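For reference, the structure is listed below as structure tokens.
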Amino acid sequence: MHRRSWAAAALAAVTVAAAVCGGALAPHDPAASIGMPWAPPGAQWPLGTDVAGRDVLSRLLAGGRDLTLTALAAAVAAGLAGVAGGLAAGWAGGRIGRWLTAPADLLLASPFMLTALVLAVALPAPAAVIAGTVCGGAPLGLRMVRDLVRQARRTGYAEAARCRGETAVAIVGREILPSVAGLASADVVLRFVLALQLAAAFGMLGLGPRPPAPDWGSMLRENLAGAALNPAALVAPAAALTVLALVAMLLSAALNAPSRPGANTLPHVTAAATTRGDAVLAVVGLTVADDHGRPIVTEGALHAGPGEVIAIVGPSGSGKTTMVRAALDILEPGLHRTGGVVTWRGSPVRPGWDARRWRRAHVGLLDQDPAGSLNPLLGVGALVGEGRRRSPAMVPAMLTALGLDADRLRHRRPHRLSGGQAQRVALARALLGDPGLLVLDEPTSGLDPGTLDLVVQAIERRRGDGRSVTLVISHDAAFVARVADRVLTIGTPDTAALDAVPGAAHQDRAEQPVLRVRGLCLAQGRETLLAGTDLTLWPGELVAVLGPSGAGKSTLLRALTGLLPPEAGDLWLHGLPLAWPLDRRPREALRDVQLVGQDPAGALNPAHRVATALARPACVLRGLSRAQAYAEVPGLLRQVGLDPALAARRPGELSGGQRQRVALARALAAGPAVLLADEITSALDDVTAAGLLRLLERLRADGLAVLLITHDRGVAARADRVLHLADHRLSQDPIGTETHTRAP
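According to the numbering used here, the sequence shown is numbered sequentially starting from 3.
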């Protein structure tokens with residue numbers, strides 16, 4: 003938890019302790035009559051007396067104990083029931099998941115207050131509160147956790163755990179539960195508020211503790227008639243209940259807050275540019291600091307005239323995205339814009355509500371993680387038109403302009419899109435309505451050359467209108483050269499670690515194919531992706547696979563990894579037959595075949611630190627002790643050109659390129675014989691990407707075979723062979739005749 007979460011937790015602990023232990027501070031016996039009924043406050047009794055002449059302050063201090071403890075027990079019971087049910091239903095899915103969810107749906111369909119009243123009559127008050135909270139709160143928690151688990155099952159970190167051969171219990175307990183723990187904890191706190199209200203309601207209805215036992219709910223019922231004589235007798239318990247509920251809500255909000263970047267998450271960036279009087283967008287003196295006051299960006303400045311395209315470039319982690327998001331006033335939690343002026347067409351854009359109105363009216367944004375920015379519950383058509391009052395005919399036209407089949411994809415949800423398709427859907431949403439300011443953060447990752455041309459054309463059309471401004475954040479030097487009018491460079495690359503680390507040790511292998519596939523047939527639903535494909539991969543060989551977005555390249559890697567068994571085909575590893583499903587592969591095979599997925603954002607568990615992610619494969623697949631595995635972490639980070647200090651950070655504190663390299667380091671931690679790499683250079687600048695390819699060359703010299711999916715012809719040119727996936731076939735690419743160095 004970050005500092006605010008700890009502060010909220012401390013405040014909640016103190017408040018609950020005061021409610022539970024306050025009776026020890028009562029100046030009088032809470033059950034004893036010491037004066038006239040409803041006597042006003044005075045020196046002898048600061049809050050006056052109640053209906054029976056008892057000291058209101060003493061009853062207030064003692065009246066929260068049983069109510070609070072009962073609410074805590076009810077919240078824990080409801081939370082555990084909801085989390086356990088949600089984990090089971092979300093992981094099982096299908097018919098089992100529906101059967102597990104059915105009781106929760108039945109309880110949600112029942113009138114809650116009617117159920118609670120029946121329980122209050124049938125059971126003692128504390129038991130009724132617990133049972134009522136479970137019946138009213140657990141179903142909501144179950145559904146929330148179930149949906150979160152469904153999403154987590156498709157993430158790269160869950161698939162990496164499956165590829166390590168971890169059991170379902172281990173994956174749910176080690177990977178999925180920590181990733182949903184924040185929301186689940188926040189939900190438990192909300193169940194506490196529900197239980198608190200229910201217990202107070204029972205007391206007001208006379209179903210709580212019997213007089214003269216002190217209880218805040220009973221105090222409200224007993225003193226309602228005397229509110230005019232001594233308002234404090236009624237206001238005091240109401241205020242106590244309100245304070246306890248508000249503190250709980252504050253804790254829930256803190257637990258549900260996104261992870262915050264830690265100290266020194268980003269390098270200190272200074273960006274400078276001259277300003278012009280005709281600038282449509284002008285940023286002057288922009289300053290960003292973290293929660294500790296450390297400067298992240300100082301004197302950031304840029305300007306863009308009518309129709310201009312400005313490219314912002316620099317190495318991974320240099321702060322390019324941070325500077326632009328500061329200008330848009332959408333910084334990540336933990337970072338704050340502390341200075342600077344942003345003007346749009348001569349008018350200042352102030353942070354807060356003014357910036358929100360500006361973004362809504364004038365800004366279109368393609369985020370660095372396009373798949374994560376798409377609502378998983380909406381189809382493509384609804385996603386593109388989301389929040390836009392435009393003609394329905396504009397949505398398919400925009401999708402078609404970006405090379406997508408609007409009719410086929412209209413109702414498809416994001417998890418059924420390839421990386422390149424998700425990229426274009428997010429871009430179509432940003433472009434719809436022709437915003438005055440278009441911000442594209444890494445718009446070319448995951449796009450094939452043909453699709454890239456369509457993106458360039460879309461940018462060119464904006465340049466020609468003479469009014470729009472386009473900001474492009476990119477590592478793709480060729481793309482920047484094609485579209486940018488001016489370039490703003492931030493940071494300097496540092497890849498010394500990549501050049502200094504020797505290759506990992508591998509056993510010498512016989513000169514036979516390390517991986518061989520015959521007659522592979524793959525389908526997605528009713529759509530055939532591959533039909534009768536053969537593939538051979540030799541030790542030390544780098545084979546690149548090119549092809550249009552959505553052709554099935556990533557699906558091919560998932561099949562080889564065992565995540566998606568094919569319709570047909572045979573597979574051999576080191577000359578021995580290998581089963582397609584993961585659960586039928588021996589541990590040696592799981593270790594030998596490692597996958598680095600396409601999505602840097604979903605590749606790492608947001609709840610785990612980098613060191614945990616890198617140590618786990620060595621423990622599971624290589625049998626190392628925990629201490630031995632953690633001792634290898636600094637070397638793995640250096641191997642991929644990262645500072646070992648990053649081991650203590652979580653994925654939310656890393657840039658996209660850093661996450662991509664950590665995912666590669668995690669695969670290398672297993673000591674594989676075959677590396678299946680899906681666009682591992684897409685989020686890297688040219689210098690860092692070149693260093694990473696040199697690392698692969700050194701590892702290949704020790705026998706590592708690499709099957710690499712890429713859209714970058716420059717990367718493919720370094721391969722021994724280049725294959726092209728199109729029309730359901732995997733065939734030799736024309737570039738392969740120039741780069742082929744090893745006969746299969």
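Built from N, CA and C at the ideal position, the CB exists for glycine as well.
All figures in this text were calculated on a predicted structure; none of them were measured in a lab.
For residue i, count the other beta carbons within 10 Å of its own beta carbon; 16 or more makes it buried, fewer makes it exposed. Which is it?
i: T267; result: Since pLDDT at T267 reaches only 42, below the 50 mark, its modelled position is unreliable, and the value read off the structure follows with that caveat. It is buried - the Cβ of T267 has at least 16 other Cβ atoms within 10 Å.
i: P350; result: exposed
i: D687; result: buried
i: P113; result: exposed
i: T530; result: exposed
i: R586; result: exposed
i: M115; result: exposed
i: G295; result: exposed
i: D455; result: exposed
i: H610; result: buried
i: W355; result: exposed
i: A629; result: exposed
i: I98; result: exposed
i: R2; result: The requested residue 2 does not occur in the structure, where the chain is confined to residues 3 to 746.
Skipping 5 residues on each side, what residues in its chain have a beta carbon closer than 7 angstroms to that of residue i?
i: L566; result: T557, R560
i: R412; result: G381, V382, G383
i: D467; result: G309
i: R484; result: V458
i: A291; result: P297, I298, H338, T340
i: Q153; result: P378
Taking the alpha-carbon of residue i as reference, which of the options has the nearest alpha-carbon?
i: S657; options: T300, A130, T324; result: T324
i: A521; options: S551, L562, L548; result: Before going further, note that residue 521 is Gly rather than Ala in the sequence given. The residue with the shortest Cα to Cα distance from G521 is L562.
i: S254; options: G184, A408, R152; result: G184
i: L537; options: H477, P372, A424, V708; result: V708
i: L477; options: V489, A227, I173, S470; result: The sequence shown places His at residue 477, not Leu. Minimum Cα distance to H477 is reached at V489.
i: V635; options: E655, G654, A665, G659; result: A665
i: G705; options: D594, A229, F481; result: D594
i: L539; options: Q526, G527, V519, G374; result: V519
i: W8; options: N258, L434, V282; result: N258
i: E462; options: P451, A692, D487; result: D487
i: T17; options: G99, R100, L248; result: L248
i: G527; options: S181, L419, L439; result: L419
i: Q662; options: D680, A672, G167, R651; result: D680
i: L804; options: L434, A256, L626; result: Because the chain in this structure spans residues 3 to 746, residue 804 falls outside the shown range and cannot be described.
i: P770; options: V676, L439, V285, A373; result: Because the chain in this structure spans residues 3 to 746, residue 770 falls outside the shown range and cannot be described.
i: L432; options: L532, R465, M146, G387; result: First, the residue type needs correcting, since residue 432 is Ala and not Leu in the sequence shown. Nearest of L532, R465, M146, G387 to A432, Cα basis: G387.
Can the beta-carbon of residue i be found less than 7 angstroms from the beta-carbon of residue j?
i: T289; j: G336; result: no
i: E224; j: V53; result: yes
i: G139; j: A118; result: no
i: P39; j: G50; result: no
i: R723; j: V545; result: yes
i: A130; j: A122; result: yes
i: P568; j: L524; result: yes
i: L102; j: A91; result: yes
i: L623; j: R668; result: no
i: K555; j: L698; result: no
i: P211; j: A33; result: no
i: L404; j: G422; result: no
i: T72; j: A201; result: yes
i: A591; j: L575; result: yes
i: A79; j: F204; result: no
i: S181; j: P608; result: yes
Give every residue of the same chain whose Cβ lies closer than 6 angstroms to the Cβ of residue i, excluding the five residues on either side of it in the sequence, and list them in chain order.
i: R77; result: Here residue 77 is Ala; the residue named in the question, Arg, does not match the sequence. Answer for A77: V190, R193, F194, A197, listed in chain order.
i: P515; result: T538, W540
i: D729; result: none
i: R731; result: none
i: P504; result: Bear in mind that a pLDDT of 40 at P504, under 50, signals an unreliable position, so the model cannot answer this.
i: L231; result: W40
i: A691; result: T683
Excluding the 5 residues preceding and the 5 following residue i in the sequence, name in chain order all residues of the same chain whose CB lies nearer than 8 angstroms to its CB.
i: A242; result: A21, L62, G65, G66, W218
i: D369; result: S375, A428, D443
i: A94; result: L102
Runs of alpha helix (DSSP H) lying entirely within the region 515-551, each at least 4 residues, in chain order: none
Every unbroken beta strand (DSSP E) inside the region 549-587 [3 residues or more]: 570-575
Length-filtered (3 minimum) beta strand (DSSP E) runs lying within the region 640-676: none
3-residue-minimum beta strand (DSSP E) runs that sit fully inside the region 607-643, ordered along the chain: none
Length-filtered (3 minimum) beta strand (DSSP E) runs lying within the region 188-256: none
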